[in-house]
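Notes follow the structure.
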Amino acid sequence: MAEAAPPPDAGAPSAAKQPTWYPPRPLDGLTEYWATHYPLRLYNSMTRSKTPFVPMRGKRVLWYMCGPTVYDQTHLGHGRTYTCFDYVRRIMEDYFGFE
157 MAEAAPPPDA
167 GAPSAAKQPT
177 WYPPRPLDGL
187 TEYWATHYPL
197 RLYNSMTRSK
207 TPFVPMRGKR
217 VLWYMCGPTV
227 YDQTHLGHGR
237 TYTCFDYVRR
247 IMEDYFGFE
(Lines of atoms letter the chains of each structure in order from A and count residues from 1; the text may use other names and numbers.)
(Lines give C-alpha, C1' and ligand atoms only; values in the text may rest on other atoms or scores of the structure.)
Protein backbone atom coordinates (compact mmCIF):
# COMPACT_ATOMS: atom_id res chain seq x y z
CA MET A 1 0.00 0.00 0.00
CA ALA A 2 1.38 3.39 -0.97
CA GLU A 3 1.95 6.10 1.63
CA ALA A 4 -0.12 9.26 1.41
CA ALA A 5 1.78 12.24 0.10
CA PRO A 6 2.23 15.10 2.60
CA PRO A 7 0.25 18.28 1.94
CA PRO A 8 2.11 20.80 -0.26
CA ASP A 9 2.73 23.22 2.64
CA ALA A 10 3.88 20.61 5.16
CA GLY A 11 6.88 21.89 7.07
CA ALA A 12 6.63 25.37 5.58
CA PRO A 13 6.67 28.22 8.09
CA SER A 14 3.30 29.78 8.79
CA ALA A 15 2.58 33.19 7.28
CA ALA A 16 0.86 34.26 10.52
CA LYS A 17 3.11 36.40 12.71
CA GLN A 18 2.80 37.26 16.37
CA PRO A 19 2.34 41.02 16.85
CA THR A 20 5.34 42.83 18.29
CA TRP A 21 5.13 43.16 22.08
CA TYR A 22 5.88 46.48 23.72
CA PRO A 23 6.18 46.98 27.49
CA PRO A 24 3.36 49.01 29.09
CA ARG A 25 3.84 52.77 28.94
CA PRO A 26 3.63 54.99 32.03
CA LEU A 27 0.21 56.54 32.46
CA ASP A 28 1.60 60.12 32.24
CA GLY A 29 -0.20 61.59 35.23
CA LEU A 30 -3.28 59.40 34.93
CA THR A 31 -2.20 57.34 37.94
CA GLU A 32 -2.40 60.41 40.19
CA TYR A 33 -5.71 61.45 38.63
CA TRP A 34 -7.14 57.95 39.02
CA ALA A 35 -5.97 57.62 42.63
CA THR A 36 -7.39 61.05 43.52
CA HIS A 37 -10.76 60.78 41.79
CA TYR A 38 -11.35 57.03 42.09
CA PRO A 39 -9.67 55.79 45.30
CA LEU A 40 -9.34 52.06 45.82
CA ARG A 41 -12.23 50.72 47.89
CA LEU A 42 -12.48 47.15 49.15
CA TYR A 43 -15.45 45.19 50.39
CA ASN A 44 -15.40 44.87 54.19
CA SER A 45 -17.31 41.72 55.16
CA MET A 46 -17.75 42.98 58.75
CA THR A 47 -19.53 46.18 57.76
CA ARG A 48 -20.91 44.71 54.51
CA SER A 49 -19.88 47.81 52.63
CA LYS A 50 -17.01 49.11 50.51
CA THR A 51 -14.46 51.10 52.49
CA PRO A 52 -11.47 53.14 51.26
CA PHE A 53 -8.17 51.28 51.28
CA VAL A 54 -5.67 53.24 53.37
CA PRO A 55 -2.17 51.71 53.69
CA MET A 56 -0.38 51.98 57.03
CA ARG A 57 2.80 53.42 55.43
CA GLY A 58 1.85 56.06 52.86
CA LYS A 59 1.79 54.45 49.42
CA ARG A 60 3.73 51.33 50.48
CA VAL A 61 1.63 48.16 50.67
CA LEU A 62 2.77 44.87 52.18
CA TRP A 63 0.89 41.59 52.44
CA TYR A 64 1.54 37.98 53.32
CA MET A 65 0.34 35.20 51.08
CA CYS A 66 0.29 31.62 52.29
CA GLY A 67 1.53 28.92 49.94
CA PRO A 68 -0.61 26.06 48.66
CA THR A 69 -1.25 23.02 50.83
CA VAL A 70 -0.83 20.22 48.31
CA TYR A 71 -2.08 16.75 49.28
CA ASP A 72 -2.31 15.19 45.84
CA GLN A 73 -0.91 15.64 42.36
CA THR A 74 -0.12 19.20 41.39
CA HIS A 75 -2.36 20.98 38.92
CA LEU A 76 -2.80 24.42 37.41
CA GLY A 77 -5.12 25.51 40.23
CA HIS A 78 -2.18 25.52 42.66
CA GLY A 79 -0.78 28.58 40.84
CA ARG A 80 -4.10 30.45 40.96
CA THR A 81 -3.32 32.28 44.20
CA TYR A 82 -0.06 33.67 42.85
CA THR A 83 -1.60 34.63 39.51
CA CYS A 84 -4.56 36.42 41.11
CA PHE A 85 -2.39 38.36 43.54
CA ASP A 86 -0.04 39.32 40.71
CA TYR A 87 -3.04 40.91 38.97
CA VAL A 88 -3.98 42.72 42.19
CA ARG A 89 -0.39 43.98 42.59
CA ARG A 90 -0.25 45.26 39.01
CA ILE A 91 -3.57 47.09 39.36
CA MET A 92 -2.51 48.64 42.67
CA GLU A 93 0.79 49.84 41.16
CA ASP A 94 -0.36 50.90 37.70
CA TYR A 95 -3.76 52.45 38.46
CA PHE A 96 -3.58 53.53 42.09
CA GLY A 97 0.13 54.38 42.42
CA PHE A 98 0.84 52.10 45.38
CA GLU A 99 4.32 50.63 45.89
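Here our numbering is used: the sequence shown runs in plain steps of one and ends on residue 255. For glycine and all other residues, C-beta sits at the position ideal for the given N, C-alpha and C. Please read all numbers here as calculations on a predicted model, not as lab measurements.
- Cβ atoms of M248 and T237 stay farther apart than 8 Å, at about 16 Å.
- Under the DSSP assignment, R197 falls in the beta strand (DSSP E) whose first and last residues are 197-200.
- In the displayed model, T225 falls within coil according to three-state DSSP, outside both helix and strand.
- Taking a contact as a CB-CB distance under 8 Å, the pair R197 and P208 counts as one, their CB atoms being some 5 Å apart.
- Listed in chain order, the non-local C-beta contacts of E255 below 6 Å within the same chain comprise K215, R216, local neighbours out to five positions each way being set aside.
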